[in-house]
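Protein chains in written order, with this note's numbering: chain F, 1 to 220; chain U, 1001 to 1150.
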């Protein structure tokens, strides 16, 4: 009798430990950011509710090589996205210096890409972006500087990446934008927001990219 | 009471030392006590102003950005270059520019709102940070340089 209780207790322990392990593992994963959508569907007589995570909407822009850049460009990749403009007198150079660190760190890892949107597309055409990226010394296959329709860029900034991006005559340089770096996973979900002007935050971002890449390996 | 007297002594001594030193201050080691204090004051003020007006582009460590924005980490100390730098801080610069063997071709905005003292403090900070050692830049020097900008 005592033996049975003991075995039961032991079994309970094992189950508990396993549970603890698995739950701590899921805590290790980066959060999925943004508002979720609950979608109702019926399967036979049952009504089911699916939770759809926030994802980056479809887009189509042109990069410094005049290549068309869409979601498919980053298929199967983790990428870092930000918003800037080349004539920016405020925080952009700081952001670009920090993004260069991300670029250097993952230069030879094809699973990682960078996507910088200009919020001043009427000035920042393909030619200007080309010159800018060359003077920054980066490869266009890794780091895409994109321009396109102004409304499309502002909309994807606010709706998909949840950052401030827009024209504002009172701001230095004529535009307001956040200095955020957004980390997007292989399923177009946003997994992290970092202040791209602060070295320590970019350190965290680079760590999180490694974590995402590991997560991707585990899911395979 | 005693501490007050002591303080008065120190102030007096300080001003005596600063008066006796009369060199230009192009080399920091030759500076008098008072000039060293002044240099430190300018550097501290200059650092704040640098962060506010210059650091976003030239970076907090003065390293610049690729071939877009030149570094400030080793600037020449000759009078020609001091004049040129003072004019650049105030009026900006546009077009091709060679810094440390690299050609840049951008645009630096003017900073017309900066006073002569502020420019002196900024250049004193930059000119005595990183690999630089150009000594103190006074507002009188800034005034003179600005009168001769091209």
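Glycine is no exception: its CB is placed at the ideal position from the N, C-alpha and C atoms.
About 6 Å separates the beta carbons of residue 103(F) and residue 114(F), which is inside the 8 Å limit, making them a contact pair. Inter-residue distance for residue 1041(U) and residue 120(F) is about 40 Å (C-alpha atoms, whole angstroms).
Among the residues facing chain F, residue 1059(U) is included, as its CB has a counterpart in that chain under 8 Å away. Counted as a single uninterrupted DSSP element, the alpha helix (DSSP H) harbouring residue 1058(U) occupies residues 1055-1058. It is roughly 9 Å from the alpha-carbon of residue 167(F) to the alpha-carbon of residue 173(F). Residue state for residue 46(F) is assigned as strand, using DSSP reduced to three classes.
Secondary structure at residue 133(F): helix, using DSSP grouped into helix, strand and coil. Per the Cβ contact rule, the stretch 1044-1062 of chain U is in contact with the stretch 1109-1127 of chain U (3 or more Cβ pairs under 8 Å).
Residue environment: residue 123(F) is assigned as exposed (fewer than 16 neighbouring CB atoms within 10 Å of its CB, all protein chains considered).
With contact defined as three or more Cβ pairs closer than 8 Å, the stretch 124-135 of chain F and the stretch 151-169 of chain F are not in contact. Pairing residue 1143(U) with residue 1125(U), the inter-Cα distance amounts to about 18 Å. Contact check for residue 1073(U) against residue 1131(U) passes: the beta carbons are separated by less than 8 Å. Here the stretch 28-38 of chain F does not lie against the stretch 93-113 of chain F, with fewer than 3 beta-carbon pairs under 8 Å apart.
For residue 145(F), the pairing in a beta bridge is given by DSSP as 116(F).
Per the coordinates, the alpha-carbon of residue 153(F) lies some 46 Å from the alpha-carbon of residue 1148(U). Contact check between the stretch 82-89 of chain F and the stretch 176-194 of chain F: three or more CB pairs, one atom from each, fall below 8 Å, which counts as touching. Its Cα nearest to that of residue 214(F), the residue 109(F) stands out among 72(F), 109(F) and 161(F).
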